[in-house]
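Letter by letter, the sequence shown follows residues 14 to 859 of our numbering.
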Amino acid sequence: MMRLLVRSSLRHLGRHPWLTALSLLGIALGVAVVVSIDLASGSALRAFERSTDAVAGRATHQLVGGTSGLPEHVYRDLRLRPDAPVSAPVVEGYVQAAVGDLRTLTVLGVDPFAEGPFRDYARDEAVGDVGSLLTRPGTVLLSARAAKALGVFAGDELPVRVEGRQVRLRVAALITPADEDTARALEALVLTDVSTAQEVLGKEGRLTRVDLRLPGGEAEAKRLEATLPVGVELVRASARAGTVEQMTRAFRTNLTALSLLALVVGMFLIYNTMTFSVVQRRGLLGRLRAVGITRGELFALVLGEALVLGVIGTVAGLLLGILLGRGLVGLVTQTLNDLYFVVSVRRLALEPLTLAKGLTLGLGATVLAALVPAWEAARSAPVTTLRRSTLEEGTRSRAPRLALLGLGVLAGGTGLLAWSTQALPPAYAGLFAVLLGAALLVPWLTERLSALAARPLGGTFGLLGRMAARGVRTSLSRTAVALAALMVAVATTVGVGLMVSSFRGTVVAWLETSLLADVFISPPSLVARRGDATLAPGLEERIRATPGVAGSSTIRVVKARVDDIPTDLLAVDFSRTGARPYRFKEGDADAVWRELATSPDALIVSEPFAFHRRVGVGDTVRLTTDRGPHDFRVAGVYFDYGSDVGTMLMERSTYERWYEDRGVSGVALYAAPGQDVDALVAAVRERVGDTQALMVRPNRSLRQASLDVFDRTFTITQVLRLLAIGVAFVGVLSALMSLQMERARELAVMRAMGLTPGQLWGLVSLQTGLLGLLAGVFSLPLGVTLAYILVHVINRRSFGWTLRLVVTPETLLQALLLALVASALAGLYPAWRMARANPALALREE
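Take a look at the structure:
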């Protein structure tokens, strides 16, 4: 008997290829979005981890110093100790290749005589003169893969750019590691000796770190730590990758949650497909029940169909996700470079765990969405299953109960969102509960509003208008699902759109108050928001002495570790200007600046820093300085939207008291009254000359560059919005096609009674237009609610930013038009097909 049921099921799916194909497409798109985001972000993180492991080698611990690294004598003194551990000096930094694909390269300066226990790249097969690395200045080793991409060979020159300077390196030899993972990790690595790396990176006399191997574990580490000089810290080598994971967790969580919205919309499509499958075969299912088929067998039949669709759609989604991931990996990598760290991703890494996750989500969502239709098919008595009206009567009778359930779910979601915690999972659970609760309200609202719409539509379009409104109400089991899918998709568009526009408006207002200077000068940096590159020695004073300058300030941006997380520390010199371009969330501005100027250990922190570390005015922050660990008092909390990790700021005099670094990352100039800004820019460029390639930008140019970074950051969010709309459009098209095909005989009767093809076209178009209008009306309050959740809950818990929600009428109008256009486009094919259908063929079964 089950074999007969399976054949019947396959025959039914084969007779409706378009609906089956749309269902598969919906599942595939939902799975593809989730998988592609996971693969893209995972590939970027794994590329960073591979390069980190390759650079760290077999080190168990590392000696690190303050913001400028370690003085060379630390390594010398360590080696001279009687109980000296296995150690090796390292100088590390980034340069940009000036040839080939202009990739970012990691320069790793090592001591070849101490490297053996840590890294053994040179032992791999090499082509060229490896020995010249020790005898000839400016020589480097390069992996064969990197050389191919850059178009250089052994013996060639490799021009690179670093901090606005052009440096020419000589490729002594090409390394070809036998291990594939090592080969990938070395794709962006330039290996050289310590002295060459110091010259290239401008770190003469300094080391980035000292790698250690401590076989005695933590006991040996504690003994060594107790004897270290002031300003030197011992850290675990494995901590770096974990820190990056922690830094980017909120960013990746938000991307994953947005991608899951597409899968949620896809679930409506699956539910719609399976419901249509049950409704279309209600006569057959009723007859099967009448001849003895059990409820369990019918339940298994419908669930089995869903599982077949789920398997095919999910596998297709995995393949599509891989293709989509190849396109998204560039966007994710660019965002990570703009916000967090330098990483070069050349290919998508296919992780079995990610593919298994996509498979589980696809099949799980399919089975979950098919449970209700399967249960409906199994529970109905044969006599009621044979009547089409029974389903609609049941749907209308359940609508009030579903609405009450929806209100309960909304209340639960509100409770989760109001929960005072920084954890993200409750916030996203609350957001999805709001979406589900709103979807459960749709059947009851649709019935009420379609009944109310009958009168105005009848007054405007006559009988066809009344028929269209009643058709929506009498087919509630079909129309409510289509409306819910379109509502969720459009509401997502409204919510994300309002969030992005509100965020952008907040950033624009922040830039207007924080970029007070007229001209900004800085060396080019490989990370868009960081200014850790430095000006050439003496260049700062030449720039500040440019004629036409009324005032100036300087900034030094360095990385300081707070709770093992690299955090931007800004040292600002305001001694030659009265401007203070910072707004405070906590603390009186006059009192804060007075304390910063007079206290030797005061600093201010950004809002995200205070949020994540739970600190406020009067609390202390411990930093590792060149004078040893020191607690700095928080004098104020300022608004800042340049970093979600957070930033700290102190006076330049305070910074120089605790750190030996004297570099300058940037200069801000204030033009004298009557001084033309463009002329001042030209004067600065002329004054700098060929000393160093600098970015000399007027206020408006830097503001636009900052907004460009912002827009790049949210490009992937806009892509996810479009994909969610695509999934919803497929769902609406499927629902409307199934609705109109189910009404084929009803419409054929109307044709036989004199309804013309044009009138039939008008009837279908009116009905789809009403569906679009209702979906648009439903989506507006839900979209604004989602925007509120994203701005005041999700973003707050993720990044610690205070944003101002701005609801623009343009966004709401666009959403309403989007719903109308989507439903109108989705209704074109059903209207065309019904208008061309032969009434005699459609009535044959009557």
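Note that beta-carbon positions come from the ideal geometry of N, C-alpha and C, so glycine has one too.
D586 - partner residues in DSSP beta bridges:
T567.
Quiz item: With burial defined as no fewer than 16 other Cβ atoms inside 10 Å of the residue's Cβ, what is the status of M766: buried or exposed?
Solution: Counting every other CB atom within 10 Å of its CB across the protein chains shown gives M766 a total below 16, marking it as exposed.
Among the candidates A615, G113, A788, whose CA atom is the shortest distance from the CA of L496? Considering only alpha carbons, the answer is A788.
Checklist entry - What three-state label does DSSP hand E105 in the structure shown? => result Strand at E105.
Find the nearest neighbour of L430 within the set L417, L418, V447, judged by alpha-carbon distance. Shortest Cα-Cα distance from L430 to any of L417, L418, V447 involves V447.
Cβ distance (whole Å) where L225 is taken to contact A72 below 8 Å
Between L225 and A72 a beta carbon distance of about 6 Å is seen, short of the 8 Å cut, so the two are scored as contacting.
Q: Identify every residue that forms a DSSP beta bridge with Q179.
A: Per DSSP, R174.
| Does any heavy atom of the ligand HEM sit closer than 7 Å to the C-beta of L374? | This structure simply doesn't include the ligand HEM, nor any ligand for that matter.
C-beta atoms of V223 and V103 nearer than 8 Å | Yes, they are a contact pair.
* Residues bridged to V123 by DSSP? -> Under DSSP, V123 shares a beta bridge with V103, D206.
| message | With three or more beta-carbon pairs closer than 8 Å as the criterion, would you say the stretch 549-560 touches the stretch 633-651? | response | Contact fails between the stretch 549-560 and the stretch 633-651, because fewer than three Cβ pairs, one in each stretch, are under 8 Å apart.
Across which residues does DSSP place T638 in a beta bridge pair? DSSP lists G641 as partners of T638.
For this session: Compute the distance between the beta-carbons of V777 and A844, then report whether it is under 8 Å.
Result: Contact: yes.
* To do: Please go through the stretch 581-633 and give each complete beta strand (DSSP E) segment of 3 or more residues, from N-terminal end onward.
  => For the stretch 581-633, the continuous beta strand (DSSP E) assignments of 3+ residues that do not extend past its boundaries occur at 597-599, 615-619, in sequence order.
Quick check: what's the CA-CA separation for P770 versus G472? The straight-line gap from Cα to Cα measures roughly 22 Å.
For this session: Please work out which residues of its chain come closer than 6 Å, Cβ to Cβ, to A162, disregarding the five sequence neighbours upstream and downstream, and give them in chain order.
Result: So the list reads G113, D114, once near-sequence residues are dropped.
Check: Under the DSSP definition of a beta bridge, which residues are partnered with I578?
Finding: Answer by DSSP bridge pairing, in chain order: V575.
Practice item. Could you name the residues that DSSP lists as bridge partners for L826? Key: Answer by DSSP bridge pairing: none, since L826 is not bridged.
- N-terminal and C-terminal residue of the beta strand (DSSP E) that T660 is part of: Under the DSSP assignment, T660 falls in the beta strand (DSSP E) whose first and last residues are 660-664.
- Query: Is there contact here, the stretch 557-577 with the stretch 676-696, by at least three beta-carbon pairs under 8 Å?
  - Reply: Enough Cβ pairs lie closer than 8 Å, so yes.
Item checked: Secondary structure, alpha helix (DSSP H): runs of 4+ residues fully inside the stretch 795-821 -> Counting whole runs of 4 or more residues, the stretch 795-821 contains the alpha helix (DSSP H) stretches 808-812.
Return the chain-ordered list of same chain residues with a C-beta closer than 7 Å to the C-beta of A45, the five sequence neighbours on each side being excluded.
-> Cβ-Cβ distances below 7 Å link A45 to G330, L333, G334, L337 in the same chain, with the five nearest sequence neighbours on each side left out; the list follows chain order.
How long is the line joining the alpha carbons of T633 and D96, rounded to whole angstroms?
-> So the alpha carbons of these two residues sit roughly 37 Å apart.
When you compare each of Q731, I556, M763, T526 to R713 by their alpha carbons, which one comes out closest? The candidate whose alpha carbon is nearest that of R713 is T526.
query = Around the Cβ of Q179, are there at least 16 other Cβ atoms within 10 angstroms (buried) or fewer (exposed)?
reply = If you draw a 10 Å sphere on the C-beta of Q179, you find fewer than 16 other C-beta atoms in it, and that means exposed.
Exercise for the section: Report the three-state DSSP secondary structure of V709 (helix, strand or coil). Expected result: Here V709 sits in strand by DSSP.
- Assumed close pair V571, T80 - CB separation to whole angstroms, cut-off 8 Å: About 4 Å separates the beta carbons of V571 and T80, which is inside the 8 Å limit, making them a contact pair.
So for V304, helix, strand or coil by DSSP? The answer is coil: DSSP assigns V304 none of H, G, I, E or B.
message: Please give the ranges of any alpha helix (DSSP H) in the stretch 471-522, keeping only runs that are unbroken, at least 4 residues long and fully inside the region.
response: With a minimum length of 4 residues, the continuous alpha helix (DSSP H) runs that stay inside the stretch 471-522 are 476-487.
- request: Could you say which of G641, F812, R849 lies nearest to L247 if we only look at CA atoms?
  value: Measuring C-alpha to C-alpha distances from L247 to each of G641, F812, R849 identifies G641 as the nearest.
Would you mind listing the beta strand (DSSP E) stretches within the stretch 650-695 that are 3+ residues and don't spill past its ends, in chain order? Secondary structure within the stretch 650-695: the beta strand (DSSP E) runs of 3 or more consecutive residues, fully enclosed, are 660-664, 679-684 (chain order).
Notebook entry, point to check: Whose C-alpha, out of R89, Q772, A800, is nearest the C-alpha of L476?
Noted result: Comparing Cα positions, the closest option is Q772.
Q) Helix, strand or coil: which one does DSSP assign to A239? A) Three-state result, A239: coil.
**Request:** Can you say whether T148 is buried or exposed, counting buried as having 16 or more other CB atoms within 10 angstroms of its CB?
**Result:** Label assigned to T148: exposed.
Notebook entry, point to check: How big is the Cα-Cα spacing for H805 and L816?
Noted result: The straight-line gap from Cα to Cα measures roughly 7 Å.
Close beta carbons around L227, own chain, < 6 Å, minus the five adjacent residues each side: Taken in chain order, the residues that qualify are T73, H74, P98, E233, A234.
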